[in-house]
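Visitor: Attaching a single structure in structure tokens format; questions to follow.
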Amino acid sequence: METEGIPRSFCRGIHVTYVIARSMVLYTPGRTSTHPEAPVESGIRLHFLGGGDEVGNVGCVLEDRTGTRILIDYGLAPTRPPRYPSECPPVDHAIITHSHIDHIGMAPWLVGHHGVTLHGSTLTSAVSEMMWRDTYKVSSIEGYPLPWDHRDLDGALDAWQIHEIGEWFEIGAWKFRFHRAGHIPGAVMVEIETPELRLLWGGDMDTRDSPNVLGAEPVNCDILCIESTYGGREHPNRAEEEARLVARVKEVVSRGGLALIPAFASGRCQDILRILHKAAPHLEVHFDGMGTRITQHWMDNPEHIREPEGLEQVWRWARRVRSKSDRKKALDADVIVTTSGMLDGGPAIWYLNRLRHDSANAVLLTGYQAEGSGGRSLLEKGSLPIFGNLTPIDLEIDQFQLSNHAGHSELFNFVRACEPRHVVFFHGDAEARAAIAAEFQQSPTPSLPVNGTPLELK
Ligand SMILES: [Zn+2]
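Numbering (the working numbering), first residue to last: -7 to 450.
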């Protein structure tokens, strides 16, 4: 997810503060799996280990009577404390839709415990190492237990089997093909052809074009499994929201201020840079944080990027912060784009601590600010923790909706266009799932899965 609309972020960098609950349940092999042992009689069985009736934290086992059994995604939710999906039963293959931590975070555990082969796009595999190392580092720094270790991580790096978008491949009795999901570059939807039916797993998706990736296109299927993060909610017009951001930045700069733009590392940072480069190339924009390293992987995998030459121009145009002295120089820029997107730490906090004394400066938030995050505190109380001290911020604060998840209308139109018999709405809170499911009565038949309760569809 990357998340805006979403109660947890996925790319907050290494500075997230986790509080460990004593009651946190860790994996106890053989005890925490809720997976049913009975064989499947017909159709397909979906069993959500996580992400069924919640946003993020995704893991779902799919199987049929041929004995073919796969897992799709295995994430963790970097909440306080972190949440994990239930323990996965033995599988040999897992498909990873994209590299956000709530979809990929627990994959090293799968490899360490079940010797799983991970299937994904080139870009997802390229970015995975950074995401896992970052997760590992955060767990060490913050002291929360992680169910996998360094050895599992190294194993996971060797466990990838890469597939191009559109290329068919086989696992057991099933055939698979990836389609562009439109959520972030490298994110895929998964088309699965079993002997009995065709299923499309939408993953995190958006049908709207965004600066770095084109939108997802419908695929005809019998069963559609789709996120419902934004069920019941419409996004503002994307072009208008981008224009509003640019206008706000220009206004801040013209009064002699600096616009600090905290943004998620995987997707949002790069979108902001492309928006600014296109509309206001005269600005001096500095780029700091984990997003810079992720962008490097994007540049190495241009087949997943919309107009990759545009990204290359942005790469040359934005001034990348590589050292402490670069960071000091950035304080004289017009704009700084950096992590963490929810002001939970990272370079954004370092900058804010220095910029907060000049009221010409502004903080422009570019995503959802989760409950308990620094950004939420800033919006609601005008203060946030800086290096442990609750600090009032007397600057202009604004927020922009630039989500890369489908809104209600996009979900509705996508479901209709895929013409499924059944539609499974997962990855959403109760209200969102009910709102989108209410649009469908009988054709297709909606299902609202619950973690730990198998769902069989024909
Ligand atoms: Zn995502």
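Don't be surprised by glycine CBs; every beta carbon is placed ideally from N, CA and C.
1. Regarding His456 and ligand 1, is the C-beta to nearest heavy atom distance less than 7 Å?
2. Return the CA-CA distance between Glu448 and Pro436, expressed in angstroms with no decimal places.
3. Quick check on the burial criterion: 16 or more other C-beta atoms within 10 angstroms. Buried or exposed for Pro(-1)?
4. Between the region 138 to 157 and the region 400 to 415, do at least 3 Cβ pairs fall closer than 8 Å?
5. Hey, Leu394 and Arg240 are a contact pair by Cβ (cut 8 Å); roughly how many whole angstroms apart?
6. Output needed for Pro210: all residues of its chain with C-beta closer than 7 Å, excluding positions within five of it in sequence on either side, in chain order.
7. Quick check on this structure: which residue in Leu335, Ser375, His349 and Tyr343 has the alpha carbon closest to the alpha carbon of Leu357?
8. For a test of your reading of the model: does the CB of His92 fall under 7 Å from any non-hydrogen atom of ligand 1? Yes or no.
9. Measuring only the C-alpha atoms, how far is Leu216 from Ile264?
10. For the region 166 to 184 against the region 107 to 118, are there 3 or more C-beta pairs whose distance is under 8 Å?
11. Buried or exposed: where does Asn212 fall if 16 or more other Cβ atoms within 10 Å of its Cβ makes it buried?
12. Please list the terminal residues of the continuous beta strand (DSSP E) segment that includes Ser202.
13. Counting Cβ pairs, one atom from each stretch, are 3 or more of them under 8 Å apart for the region 308 to 319 and the region 276 to 286?
14. With the cut-off set at 8 Å, would you say Leu323 and Ile385 are in Cβ contact?
15. Which partner residues of Arg425 appear in the DSSP bridge assignment?
16. Sorted by chain position, which residues of the same chain lie with C-beta nearer than 6 Å to Ser15's C-beta, five sequence neighbours on each side aside?
17. State yes or no: is the C-beta of Val245 within less than 8 Å of the C-beta of Asp326?
18. Cβ-heavy atom distance between Asp196 and ligand 1 below 7 Å?
19. Taking one C-beta from the region 88 to 106 and one from the region 61 to 69 each time, how about it: are there three or more such pairs within less than 8 Å?
20. Quick check: what's the CA-CA separation for His27 versus Ser91?
21. What residue does the beta strand (DSSP E) around Pro384 start on, and which one ends it?
22. My understanding is that Asp146 touches Gly174, with C-beta atoms under 8 Å, so please give their C-beta distance in whole angstroms.
23. According to DSSP, is Asp94 helix, strand or coil?
24. Between which two residues does the alpha helix (DSSP H) carrying Thr186 extend?
25. What do you get for Leu382, buried or exposed, if any count of 16 or more other CB atoms within 10 angstroms of its CB means buried?
26. Near Ser351, which residues of its chain fall below 7 Å by C-beta distance, leaving aside the five closest residues on each side in sequence?
27. Hey, Pro74 and Val53 are a contact pair by Cβ (cut 8 Å); roughly how many whole angstroms apart?
28. Taking only three categories from DSSP, how would you classify Gln361?
29. Quick one: does the C-beta of His106 sit closer than 7 Å to a heavy atom of ligand 1?
30. Need the endpoints of the beta strand (DSSP E) that Trp193 sits in, please.
31. Use the C-beta contact count for Met123: other C-beta atoms within 10 angstroms, 16 or more gives buried, fewer gives exposed.
32. Can you tell me which of the three DSSP states Ile88 falls into?
33. For my contact list, Arg61 and Glu33 are in at a C-beta cut-off of 8 Å; report their separation, rounded to the angstrom.
34. Helix, strand or coil, according to DSSP, for Trp140 in the structure here?
35. Just tell me which of Ile93, Gly164 and His171 has its CA closest to the CA of His155.
36. Is Phe417 closer than 8 Å to Ile218 when the C-beta atoms are compared?
Guide: Put simply:
1. With the chain running from -7 to 450 in the structure shown, residue 456 is simply not present.
2. Your numbering for residue 448 matches position 456 in the sequence shown. Your numbering for residue 436 matches position 444 in the sequence shown. Computed Cα separation, rounded: 15 Å.
3. For the purposes of this step, residue -1 is taken as the residue at position 7 of the sequence shown. Confidence is the limiting factor: at Pro(-1) the pLDDT is only 33, short of 50, which leaves the residue's position unreliable, though a coordinate-based value still follows. The residue is buried, with at least 16 neighbouring Cβ atoms inside 10 Å.
4. no
5. Mapped onto the sequence shown, residue 394 falls at position 402. Mapped onto the sequence shown, residue 240 falls at position 248. Incorrect: roughly 13 Å between the Cβ atoms, too far for contact.
6. Counted from its first residue, the sequence shown places residue 210 at position 218. Answer for Pro210: Phe406, Ala409 and Cys410, listed in chain order.
7. As a position in the sequence shown, residue 357 is number 365, starting the count at 1. Considering only alpha carbons, the answer is Leu335.
8. The count along the sequence shown starts at 1 and reaches residue 92 at position 100. Yes - ligand 1 has a heavy atom lying nearer than 7 Å to the Cβ of His92.
9. As a first step, residue 216 is located in the sequence shown; it is residue number 224 there, counting from the start. As a first step, residue 264 is located in the sequence shown; it is residue number 272 there, counting from the start. Going from the Cα of Leu216 to the Cα of Ile264 covers about 32 Å.
10. yes
11. One-based indexing of the sequence shown puts residue 212 at position 220. Answer is exposed; the Cβ neighbour count stays below 16.
12. Here the question's residue 202 lines up with position 210 in the sequence shown. Looking at the DSSP string, Ser202 is not in any beta strand (DSSP E), and its letter there is neither H nor E.
13. Per the Cβ contact rule, the region 308 to 319 is in contact with the region 276 to 286 (3 or more Cβ pairs under 8 Å).
14. Stepping through the sequence shown from its first residue, residue 323 is reached at position 331. Stepping through the sequence shown from its first residue, residue 385 is reached at position 393. Contact: no.
15. Reading the sequence shown from its first residue, position 433 is the one you call residue 425. Paired residue(s): none; Arg425 is not in a bridge.
16. One-based indexing of the sequence shown puts residue 15 at position 23. Low confidence applies to Ser15: its pLDDT is 34, below 50, so where it sits in the model is not reliable, and the reading given next is rough at best. Cβ within range, chain order: n/a, list empty.
17. To locate residue 245, count along the sequence shown from 1; it is residue 253. To locate residue 326, count along the sequence shown from 1; it is residue 334. In this structure, Asp326 lies closer than 8 Å to Val245 by Cβ.
18. Residue 196 sits at position 204 when you count from the first residue of the sequence shown. Yes, ligand 1 has a heavy atom inside 7 Å of this Cβ.
19. yes
20. Here the question's residue 27 lines up with position 35 in the sequence shown. Here the question's residue 91 lines up with position 99 in the sequence shown. Roughly 25 Å separates the two Cα atoms.
21. Taking the sequence shown and counting its residues from 1, one reaches residue 384 at position 392. Run containing Pro384: Asn381 to Pro384, per the beta strand (DSSP E) assignment.
22. Locating residue 146 in the sequence shown gives position 154, counting from the first residue. Locating residue 174 in the sequence shown gives position 182, counting from the first residue. Not a contact, Cβ separation roughly 32 Å.
23. On the sequence shown, residue 94 is found 102 positions in, with the first residue counted as 1. In this structure, Asp94 counts as helix in the three-state DSSP scheme.
24. By one-based count along the sequence shown, residue 186 stands at place 194. Here Thr186 belongs to no alpha helix (DSSP H), and DSSP marks it neither H nor E.
25. Here residue 382 refers to the residue found at position 390 of the sequence shown. Classification of Leu382: exposed, given that the 10 Å Cβ count is below 16.
26. Here the question's residue 351 lines up with position 359 in the sequence shown. For Ser351, where only same-chain residues beyond five positions count, the Cβ hits under 7 Å are Asp386 and Leu387.
27. Reading the sequence shown from its first residue, position 82 is the one you call residue 74. Reading the sequence shown from its first residue, position 61 is the one you call residue 53. About 21 Å; that fails the 8 Å criterion.
28. Position 369 of the sequence shown, counting from 1, holds the residue named residue 361. Coil, per DSSP.
29. Taking the sequence shown and counting its residues from 1, the one referred to as residue 106 is at position 114. It does not: the Cβ of His106 is nowhere closer than 7 Å to a heavy atom of ligand 1.
30. Looking up residue 193 in the sequence shown gives position 201. First-last of the beta strand (DSSP E) with Trp193: Arg190 to Trp193.
31. As a first step, residue 123 must be located in the sequence shown, where it is residue number 131. Burial call: buried.
32. Along the sequence shown, read from residue 1 onward, the residue named residue 88 stands at position 96. Three-state result, Ile88: coil.
33. Locating residue 61 in the sequence shown gives position 69, where the first residue counts as 1. Locating residue 33 in the sequence shown gives position 41, where the first residue counts as 1. Their Cβ separation, rounded to whole angstroms, is 15 Å, which puts Arg61 and Glu33 out of contact at 8 Å.
34. Numbered from its first residue, the sequence shown carries residue 140 at position 148. Coil, per DSSP.
35. Position 163 of the sequence shown, counting from 1, holds the residue named residue 155. In this structure, His171 is the residue among Ile93, Gly164 and His171 with its C-alpha nearest to the C-alpha of His155.
36. On the sequence shown, position 226 is the one that residue 218 refers to. On the sequence shown, position 425 is the one that residue 417 refers to. In this structure, Phe417 lies closer than 8 Å to Ile218 by Cβ.
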